[in-house]
Amino acid sequence: MIRIENLTKQFKKNKAVNNLSLHVKKQEIYGFLGPNGAGKTTTIKILSTLTFPTSGMVFIDKYNVLDNPLQAKKQIGVVHQTLNLDPELTGYENLLIHGLLFNMKIKDIKKNAAEFFEFVELKDVMGAVVKTYSGGMRRRLTIARALIHRPKVLIMDEPTAGLDAFARRKIWGLMKRIRDSGSTIFLTTHYIEEAQYLSDRVGILDKGGLIAEDSPEKLINNFGKIAVEIEGSDGLEVEFFQNRAEAVKFVSTIDKNATIRGANLEDVFIKLTGRRVK
Amino acid sequence: MAQLLAIIFREVLIFKRKFVKQIFSFMVSPLLFLITFGWGFGNEMNVDGVPYINFILPGIIAMASMRQSFALSSEINISRFYWKTFDEIQSAPISNISYTAGEVISGMLRGCLAAVVVMILALIFQIGISINGLFVASLLLNTFIFSSMAVITSMVVKTHAEQGMLNNFLITPMAFLCGTFFPIQHYPLWVGKLIFCLPLTHVSATVRAALLNQKFPYFSLLYMAVFGAVVFIVAVKVIRNAKN
Ligand SMILES: Nc1ncnc2c1ncn2[C@@H]1O[C@H](COP(=O)(O)OP(=O)(O)OP(=O)(O)O)[C@@H](O)[C@H]1O
Ligand SMILES: [Mg+2]
Chain A
4 MIRIENLTKQ FKKNKAVNNL SLHVKKQEIY GFLGPNGAGK TTTIKILSTL TFPTSGMVFI
64 DKYNVLDNPL QAKKQIGVVH QTLNLDPELT GYENLLIHGL LFNMKIKDIK KNAAEFFEFV
124 ELKDVMGAVV KTYSGGMRRR LTIARALIHR PKVLIMDEPT AGLDAFARRK IWGLMKRIRD
184 SGSTIFLTTH YIEEAQYLSD RVGILDKGGL IAEDSPEKLI NNFGKIAVEI EGSDGLEVEF
244 FQNRAEAVKF VSTIDKNATI RGANLEDVFI KLTGRRVK
Chain B
-15 MAQLLAIIFR EVLIFKRKFV KQIFSFMVSP LLFLITFGWG FGNEMNVDGV PYINFILPGI
45 IAMASMRQSF ALSSEINISR FYWKTFDEIQ SAPISNISYT AGEVISGMLR GCLAAVVVMI
105 LALIFQIGIS INGLFVASLL LNTFIFSSMA VITSMVVKTH AEQGMLNNFL ITPMAFLCGT
165 FFPIQHYPLW VGKLIFCLPL THVSATVRAA LLNQKFPYFS LLYMAVFGAV VFIVAVKVIR
225 NAKN
């Protein structure tokens, strides 16, 4: 559903995206991970036509985003990293304008708005102006807005940033349901456990290029199912082992506090990008 | 079409939220001019045999509607730089021409509303005006030109502060120099020629002729139509290339 071919975006000094190629399959949740400044938002801006690439091609469904931007944009719903809402308008009016921009009938906008407001728990405040919303409420409104025209492809740049644990889990449930109903989701997040839980596949981006791409399980298994956390001078360091016996043997040889546990995607992420995400 | 309406609807809703404030701000400078030149100078001055207050009222209308339709640029700027809702609109499947037209029409509505406010003030000051088709045509073209220019500048500037500078160095001088307060025949010839190229000069001329029932400068109306068409096309092109 999303095809990125040899995409490069050069800003004056640096290459934000460097010869990136990736394919997102239909009905897949693709977790697009990477440390700060890796180029995730830049890629999403190119996908949603906010920025021209320096070179390369991008397709949404069968439409080339550069040649046929209107058709491509009809397929997508975007949650941008910024909370880009009209603060003077009410929550409902924000959705209404968006629905009209997607050529929806007012009747359908009303129906879908009721459904999504209910889901993101903003039903009581849909008539209040957005400048009275908290950060998390605004975030949830941008999610409802991206969904209201029932896009085939959902592109989300840190949709759960700033949400409390409960709201985040609720959004996870929503995303899985949307995927199961046939949509494709392209998602960035700094919550690696979220990506691990949700993603059918993840791609790890560093300095504008993919350094790993696979299902979370396979990525973890490639490094080792068992992780040993050691308290080092740079904070926690992680070593991988294929089984518990090897891990125990290793721990007995070192003279530091260490914890043995199941490896997770975050361990892999840190190993690959050499930095802890926060 | 629904998309174009969505753009207008959005601007109208935002405007509605601060309606009273806006109307008062529309009134301030026209009111000051009417007081200064209406009450202040009374009937002591005449221009070409017309009482000065009657002479400048069309200028004030031209100026107020120009200013307010151009003020659209600040609105677009705010949504571009602060709220980032311009991003949201750009990721919707709306054509560049629909978006531009939607913004331009909302700017025209703003400008026309400003003109209506001045005319209401004129009634209060008991300045007789007669509205006719040529007046409406002039007003529409005026607001069309300056709304289109507003779209262009709002995309060209890099910060909101730059927009303020443009207002200061471009719009304010034009507001005073383009036949709004005195006939451009009073300029030295070469200055007059320069001023003649500026669109507001023609707006002042057509609005004045229409309101004072003078011989109507059809050339000026044509000039405005051509100028408007050109800036609108440029505006659509600028929107097409408005990427970060
Ligand atoms: N408009 C711009 N002009 C110049 N450089 C830019 C611009 N936008 C982004 N960059 C640079 O491009 C690189 C990638 O930025 P991007 O926003 O895509 O990162 P990201 O992966 O989304 O990071 P984060 O996790 O912090 O959101 C960064 O080095 C950033 O400084
Ligand atoms: Mg980002």
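So the protein sequences, as listed, match chains A and B.
For the first sequence, my numbering begins at 4 and goes up steadily by one.
For the second sequence, my numbering begins at -15 and goes up steadily by one.
Heads up, the beta-carbon is just placed ideally off N, CA and C, and yes, glycines get one too.
A quick note: this is a predicted structure, and the numbers were derived from the prediction, not measured.
- Chain-order list of chain A residues neighbouring Q74 of chain B: S51, T52 and L53, by C-beta distance under 8 Å.
- Taking 8 Å as the upper bound for CB-CB distance, N126 of chain B and G95 of chain B are in contact here, some 7 Å apart.
- From the beta-carbon of V81 of chain A, the residues of chain B found nearer than 7 Å are S75.
- Pairing W67 of chain B with N61 of chain B, the inter-Cα distance amounts to about 9 Å.
- DSSP places E240 of chain A in the uninterrupted beta strand (DSSP E) bounded by G238 to F244.
- Bridge pairing for K12 of chain A: A:V20 [DSSP].
- With fewer than 16 other Cβ atoms inside 10 Å of its own Cβ, N9 of chain A counts as exposed.
- When DSSP reads this structure, S58 of chain A sits in a beta bridge with A:T11.
- Out of A:D89, A:T46 and A:L88, the CA that lies nearest to the CA of V68 of chain A is found in A:T46.
- Considering only A:G176, A:H26 and A:Y194, the residue with the shortest C-alpha distance to R6 of chain A is A:H26.
- Look at N225 of chain A here: in three-state DSSP terms it is helix.
- With fewer than 16 other beta carbons inside 10 angstroms of its own, V4 of chain B counts as exposed.
- DSSP places P201 of chain B in the coil class of the three-state scheme, outside both helix and strand.
- The beta-bridge partner set that DSSP reports for E216 of chain A consists of A:G206.
- For T57 of chain A, the shortest C-beta to heavy atom distance toward ligand 1 is 8 Å or greater.
- By the rule of a C-beta closer than 6 Å to any heavy atom of ligand 2, the residues picked out are A:K43, A:T44, A:Q84 and A:D160.
- Inclusion of F14 of chain A in the 8 Å shell around ligand 1 follows from its C-beta lying nearer than that to a non-hydrogen atom of the ligand.
- In the DSSP assignment, H26 of chain A forms a beta bridge with A:R6.
- Judged by DSSP in its simplified three-state form, A261 of chain A adopts strand.
- Within the DSSP bridge table, the entry for M159 of chain A names A:V82 and A:L190 as partners.
- The three-state reading of DSSP puts T93 of chain A in strand, counting E and B together.
- Approximately 6 Å separates the beta-carbon atoms of D160 of chain A and V82 of chain A; this is inside 8 Å, confirming the contact.
- Between A149 of chain A and I273 of chain A, the alpha-carbon positions lie close to 31 Å from each other.
- L73 of chain A is positioned such that its CB atom lies no closer than 9 Å to that of I(-8) of chain B.
- Chain-ordered, the chain B residues with CB closer than 8 Å to the CB of T85 of chain A read K68 and D71.
- Between the alpha carbons of S75 of chain B and L(-3) of chain B lies a distance of about 21 Å.
- The DSSP-derived three-state label of E232 of chain A is strand.
- Ligand 1 never approaches T163 of chain A closely enough for any of its heavy atoms to be under 8 Å from the residue's Cβ.
- In terms of Cα proximity to S24 of chain A, the closest of A:N246, A:A266 and A:L213 is A:L213.
- Less than 9 Å divides the Cβ of L182 of chain B from the Cβ of L161 of chain B.
- Under DSSP, the beta-bridge partners assigned to I32 of chain A are A:I188.
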